[in-house]
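Numbering-wise, this note's numbering puts 275 at position 288 of the sequence shown, and it's gapless, one number per residue. Built from N, CA and C at the ideal position, the CB exists for glycine as well. Just so it is clear, the structure is predicted and the values come from calculations on it, not from any experiment.
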Amino acid sequence: MLRHPIRNILLIGLIIRIVLALIAVWPDTEYFQLLSLRTIISPGAGAPFDNIYPATWITLISLPLVLILQFVDPSHLTVPLSNGFLQTVANMTSLATPLAMVAIKLPLIVADILVGLLIYTIVRRLAGDKKAKFAFALWFLSPMVIIESCIFGQYDVIVALLSLLAAYLITRKSYIEAGVAFSLGFLFKPLNLFFGISIGIFLLWFGFMSLSDRSSTIKEKYKIRLRWLAGCKPLAKFAAGCIIPVIAFLPGGQLLGIGQSATTRLTWPQLGGINLWFIELIPLRISQSIFTWGHLHYPSVLIGFLVIGALFITLLTTITVRRQGDFSQSIYLLAVIALLLFPILYTYTGAHYYIPLLAFMAVTIPLLHLSVFVYGLLNFSLVAWTLALLGPVIIWLPLAVNWDIIPWEPMVNWTMQYLSLPGLFNKNASLDIRLIAIIIALTCLISITITSVRNLKPRNKYI
């Protein structure tokens, strides 16, 4: 590993992540991180947390925190926030110490590395070491990925890792293991449901195509049935794997055996014991979409994930047949534009879902230089705009403990004033901009779907 081609990229990315994890705080997620600390340090005191984040997340962050608590007094993991104005704005009276923040963000940093290594492995099989190194850099040095993991503390990267792992395992014909990985990702966040739809379509279609070269002696009336059954068999294995994590996290089941504090159940009393937040979220968003076309936030999110789901099929197809798809450059250009619009549509989040696919496309298609240029231009401009407006908010919490002389109130008010302006970076963005973005995304989705079907020609037995 000391002489590995990605050594320098890995080292630079790790240094940036550790520094940001130590000093950067995002108020929204900091509040929930404090609740998670309370849940782990004082079992039974984290009831609000149980209703906000899933049991899979509290279990994951318990691993480093429980280890640290063996050597550090729990009182050293939080520090009082004395400034009254900041207490009101942040809705909390204490902050996590740098040690606690690193511990909470450590699983995200590890997941960043694993996603990068998985991208490197996949692209290396398809395009060689040089392009694999470039794809790894696109992911691991992406400012949006670093900010979401080490400043925002968003655990979307865990879902991206498990979804990408499920795709890789499917191409290795490990269907049960792929189901386990996908289901774990779903239990973290249900947004990878669109990947599940893509996987189902992929398995059924390739099962159908795998029997296209069979002997014509098979009776015609049974031939079609056999083709679809060939796809149903791996799909059934995949579904069986999906059930395993769900059973493990049902009420009453132990979560990895990390003690009482880390055995939070997926429970809501008002739902009769089983927390159905991950099931209810999808119809909730759809219903909100019907009644919120004024700003088109939720419709754009749904369409954005449909686009990513379509691209997920192209990823599975390309890895399986081990060849670059016969997609036209115009379709890939539409895909790149749609994916780059997605973080705007989704208000900064979602980078962990589209960047792996973008990195994969950028090194396996002829449109390499243009896609990377557009990717870099918009990605860095988004980051620059984010830091320009949110910089004071990101840094004021860590400094607030000992720096009361800083005029926090004017700084925060200035930031919030600009954040409230309508535009691309607000959920209430103008209707015209949203409509244009949605039209482009829908065009991309239709084009990718049609081209994917055309490219799935009878070749060899894939499944």
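C-alpha gap between residue i and residue j, whole angstroms
i	j	result
residue 95	residue 148	10 Å
residue 124	residue 133	12 Å
residue 107	residue 122	7 Å
residue 4	residue 12	13 Å
residue 57	residue 46	17 Å
residue -2	residue 159	30 Å
residue 130	residue 118	20 Å
residue 110	residue -6	17 Å
residue 54	residue 86	12 Å
residue 220	residue 2	46 Å
residue 6	residue 50	21 Å
residue 249	residue 179	Unreliable placement is indicated for residue 249, whose pLDDT of 30 sits below 50; the coordinate value is still reported in the next sentence. About 25 Å.
Proximity of residue i and residue j at Cβ, strictly below 8 Å
i	j	result
residue 229	residue 169	yes
residue 189	residue 303	yes
residue 166	residue 235	no
residue 84	residue 52	no
residue 89	residue 8	yes
residue 222	residue 191	yes
residue 127	residue -4	yes
residue 44	residue 155	no
Closest residue to residue i among the options (Cα-Cα distance)
i	options	result
residue 231	221, 7, 174	174
residue 91	146, 105, 100, 139	139
residue 120	104, 143, 130	104
residue 157	1, 6, 300, 0	300
Close beta carbons around residue i, own chain, < 8 Å, minus the five adjacent residues each side
i	result
residue 153	165, 166, 168, 169, 172, 182, 186
residue 233	170, 174
residue 268	Because the pLDDT at residue 268 is just 39, under 50, the model does not fix this residue reliably, and the point stays unresolved.
Cβ-based neighbour list, residue i, same chain, cut-off 6 Å, excluding 5 preceding and 5 following
i	result
residue 136	95, 99, 144
residue 224	162, 163
residue 176	146
residue 101	148
Close-in-space but distant-in-sequence residues of the same chain around residue i (CB under 7 Å, 5 per side omitted)
i	result
residue 116	-8
residue 0	127, 128
List, from N- to C-terminal side, the alpha helix (DSSP H) runs of 4 residues or more that fit wholly inside the segment 108 to 135. 116 to 127
Suppose only complete runs of 4+ residues qualify. What are the alpha helix (DSSP H) ranges in the segment 129 to 174, listed by chain order? 130 to 137, 143 to 158
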